[in-house]
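Accompanying notes for the structure given below.
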Amino acid sequence: METGNRLDDVAAGVIRPLNQAEAKLALSLLKEIGKTEPSVAELVKADGRLKAFFVAAFSLSPFLRDVASIRPKLLAGAIDGQVEDALAALVDAARDAWRPVDARIPSENEVMTALRSAKRAFGFLLALADLARIFSARDTTRWLSEFAQASTAAAIDHLLLAAHESGKLRLVDPAEPSRGSGLIVLGMGKLGGRELNYSSDIDIVVFYDPDAGILADPLDASETYGRMMRRLIRILQERTADGYVFRTDLRLRPDPGSTPLAVSMDAALIYYEGRGQNWERAAFIKARPVAGDIVAGEGFLKLLTPFVFRKYLDYAAIADIHSIKRQIHVHKGHGAIAVKGHDIKLGRGGIREIEFFAQTQQLIAGGRMPALRTRETEAALKALAEAKWIRPEIAAALADAYWFLRDVEHRIQMVHDEQTHRLPTTEAELKRIAFMLGFDTVAAFSTRLEAILRTVEKRYSRLFEQEEKLSSQGGNYEGNLVFTGQKDDPDTLETLGRLGFERPADMSRVIRTWHSGRYRATQSSEARERLTEMMPALLKAIGESRRADEALLRFDSFLKGLPAGIQLFSLIGNNPLLLSLIVTIMASAPRLADIVASKPHVFDGMLDPGLMAEIPTRDFLASRLTAFLASSRHYEDRLDRLRIFAAEHRFLIGIRLLTGSISGEEAGRAFTHLADLLIEAALIAVTAEIEASHGAYPGGRLAVLGMGKLGSFELTAGSDVDLILLYDYDSAVAESDGPRPLDAQRYFTRLTQRLVAALSAPMAEGVIFEVDLRLRPSGNKGPVATRIGAFGKYQREEAWTWEHMALTRARLVCGDASLQDEVRDVIDDVLAARPDIAKIAREVSEMRVLIGKEKPPRDIWDFKLIPGGLIDLEFLAQYLRLIAPAKGIVVPTYGSTTGELLKRLGEEMITPGDLDTCLDAIRLFSELSQIIRLCVDGPFEPKDAPSGLVERICRAGDCPDLATLEGEVKRLSKAVRKVFEKVVRA
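For the sequence shown, the residue numbers in numbering that gives the first Met the number 0 are 0 to 985.
Here it is in structure tokens:
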């Protein structure tokens, strides 16, 4: 950037005051400041160009006037120095805000204050230089980006150094915290392209390399960096008495709804390779390392190059980018071009259209033409022209339009320092913008702006004019089904009403969205043609379900998530059973519909002709899992495959349950078999990883004990898993035999932590399930893995009654066979003890009362917590199992469900009538719970429940309607409560 400019270089009449009244206020302020600032007093006295400029600037921008009033020294400094030198000094001050002074590291609040002080002075001076036309919009955006980069880098260095001082990290060089840290901060959007606007927020994404060697414990990476990013947002964004630095947005990271604020490099690369979308490719065109480990950031971007820029000409990107722009128009309401109230960024002919014009063609051809891979919009337009992709005059016209619109944008934001892009709606306020831009009248400004907007709109629309659209509606149906064009076809609305839709106009609008190509599944003309062919059968099937509108909206969500549509639409068109299954899901099971929408690959299994014919036994699932994992390439790939398999087969088990092909009890057993296999496969993968780094532990053995519903074969579609990890080893061996040996406790603790992460850490394909280790000895206070000897001692000498109750459901899932035998011996030995029956009865009763107080049931449909519900039945079965030895009853119960446990023990200890009541109740409550947990997230709300779900649970309860089913639940729960009180108090 050039140096040597001063504000007193301003040309005469570059801007003019808003009106005489505002000019008088501005002059009065200058005189008041002059009382304490000699340079300002001289300025007022001299009556030259600079004085006139300040009067005009302060009359046009209340924000600048207020800053000068509150901080008069900023105005004096602006008068006295060279602009570039002053701005560079402020950038340096921001960049050095983290540095220790006299060997003392500044506190977080001190860093925040330093950054805000620098930003206030920087923003004030830069705005004046921009208004004075000493700087162009190009200069302004670049200076703003430099300051944002310096502020972000300083905050990151401060956080890294603070973590180093606290022992969380071990930096390569505390004097250069970011160097070699493996922490990558990429500036996206306008920050990456060095094109920030005056009141811009900053978009960043953060990745880390867990193997960079700076983490005290690599397993803490996600938590450590996640906490660090929350503090980063606070440092930059929180409003204090000194203001704020930049609003900070991290939502451009992979799958932001389910990933931490900082994502590991490996997880990110897997995500982009397998699930990255065109809008993310467009976002990464501008990505640039701005803070943290710059070298690592540049290396990461090189790895992403094949994702962003394809080897072949990628015309499919056009429809996707255009779809995004059309959705912006729909949501923001930017229909016609007008000056008053027009959105300079998102409106027609606005900044976004110029950016999309360049980015779309960069995506199409950037793989073949490296010269197109540039971050700045103007440079991209120039490169497109040099590559003869567009004509030079088009590039020049769009570049001129871009910088004019950026100037307008800056003036809008300088008025009140607001992040807005919309022009005022009143003539008086529009005059303020026109004068700030140097126009003499609003009319002159409006004429120029309209011409610019129409130029941009014309060029942008021509880019997409080749996009093919369906012009007619095919297929045969009694009545019209026409969904092309922008307006509803009256005959089509009538047909939709006859088909069973309550809001035909709303549904027509949704269906028109499919045909417009806004979703990935319908972007190609071929996909839309297949959709047209299947539309009559699809709408007829959905219309036949009760609440057809809701079912169609869920199908809409499903379409949104599909990566492609041609194959599926063809299959549905030729497979009535598949169409029926889809409609059943959409009409009955919002939770399953959401899963299908977010993970369309789960749908693949529904194409299996044996889906409904074969019960998902352990052998059936095991053979499929083995085949699916056979081609996995590395550890992360195996974990992702486990997630894919888990999601797909949980979904398929759920479909069997939803359609009545299997019962709730069979579904519970199938979900549990699936969990067993996934845990075992994860343990094998984790063990291999641990051994690669730390070697095997001589004589080491590990066993995984399933507790709760996992132990009793009663998992539901949404269950987490309760585990206890047990181990043993040769006491004569001090450590493992690998390149980085560990002692026994650290070895098995590390292995356990890696297993939990393998099962529950969010990855590109989500999680397998949440893992709960709280049932281990001493709960959260105890070690995550327990040696078998300590486990046995604890269970025999220290465990509470509730822990022995939990032990009645314990079941070995996987691990070393000999250790499993030892664990089984411990369980059998503990449960064979003859307890004090009265003590057990008292403590079980007290626990049930406590649960009733702390977790009262929501309503009668809360089968778990209602008096006489599943908790009572489970407690009753566990109570009987604990007291059985004292009554001389020996019955094999290992691996039993709660119902099986009740039946085996109840035949000896409960009257036949009471036992039948309990068995009827657990069958009904378990069946209903399985179906409801499968179909909806959260509680069952009868008034809001999908009609298909209501019909399904009534059928499961063998009741004609919901009121009858509710009466049956009340009858059985009251009866169970009486049995519980009678038996447990005996």
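Just so you know, even glycine gets a beta-carbon here, dropped at the ideal spot from N, CA and C.
Residue i - partner residues in DSSP beta bridges
i, result
"G765", "M762"
"F939", "DSSP lists no partner for F939."
"Y1057", "Only positions 0 to 985 of the chain appear in the structure, and residue 1057 is not among them; the question remains open."
"L214", "L168"
"G256", "Bridge partners of G256: none, in fact."
"L704", "I723, L811"
"D987", "Outside the shown range of the chain (0 to 985) lies residue 987, about which nothing can therefore be said."
"Q81", "R5"
"P288", "L185"
"T239", "G242"
"V100", "R103"
Neighbour-count burial assignment, residue i, 16 or more Cβ in a 10 Å radius
i, result
"Q744", "exposed"
"A731", "exposed"
"L948", "buried"
"R795", "exposed"
"P938", "exposed"
"P209", "buried"
"G474", "Low per-residue confidence applies at G474: pLDDT is 36, beneath 50, and the placement is therefore not dependable, though the value from the model is reported in the following sentence. That one is exposed."
"V822", "buried"
"T373", "buried"
"V889", "exposed"
"K708", "buried"
"H157", "buried"
"E493", "exposed"
"I69", "exposed"
Beta carbon of residue i nearer than 8 Å to that of residue j
i, j, result
"D736", "G694", "yes"
"I234", "M111", "yes"
"L933", "A716", "yes"
"G212", "A282", "no"
"M33", "V39", "Residue identity differs from the one stated: residue 33 is Gly in this sequence, not Met. Taking 8 Å as the Cβ cut-off, G33 and V39 qualify as a contacting pair."
"I850", "L774", "no"
"L673", "L620", "yes"
Closer than 7 Å: residue i CB and nearest the ligand NAD heavy atom
i, result
"I787", "Inclusion of the ligand NAD in the displayed structure is not the case, the ligand content being empty and no account of it being possible."
Of the residues the options, the one placed nearest residue i, counting alpha carbons only
i, options, result
"L869", "K973, D815, D248", "K973"
"A681", "A113, A691, R753", "R753"
"D548", "F924, S946, G33", "S946"
"A67", "E907, G47, L28", "L28"
"R808", "V43, L923, G698, L901", "L901"
"M413", "F790, A56, A840", "A56"
"V407", "L130, G887, A629, P535", "L130"
"H409", "V205, S199, K285, A220", "S199"
"A395", "I451, Q81, S507", "I451"
"A147", "R390, S177, I584, R119", "R119"
"A838", "I882, P856, P503, G851", "One detail in the question is off: residue 838 reads as Lys in this sequence, not Ala. Taking only the C-alpha atoms, the option nearest K838 is I882."
"S660", "A674, A669, I614", "I614"
"R421", "E375, D399, I343", "I343"
"K127", "K167, P61, S177", "This sequence places Leu at residue 127; Lys is not what is there. For L127, the nearest C-alpha among the options comes from P61."
"R115", "D241, L429, M804, T446", "D241"
"G298", "G867, W278, Y270, D265", "D265"
"L558", "A526, S587, R545", "A526"
Three-state secondary structure assigned by DSSP to residue i
i, result
"Y459", "helix"
"D861", "coil"
"T424", "coil"
"R995", "This structure cannot settle anything about residue 995, because the visible part of the chain is limited to 0 through 985."
"D319", "Here D319 scores only 47 on pLDDT, less than 50, and its place in the model should not be relied on; the value that follows carries that caveat. Three-state result, D319: helix."
"D342", "strand"
"A370", "helix"
"A784", "strand"
"D771", "strand"
"V595", "helix"
"V975", "helix"
"G275", "coil"
"E489", "Before going further, note that residue 489 is Pro rather than Glu in the sequence given. The answer is helix: DSSP assigns P489 an H, G or I state."
"S630", "coil"
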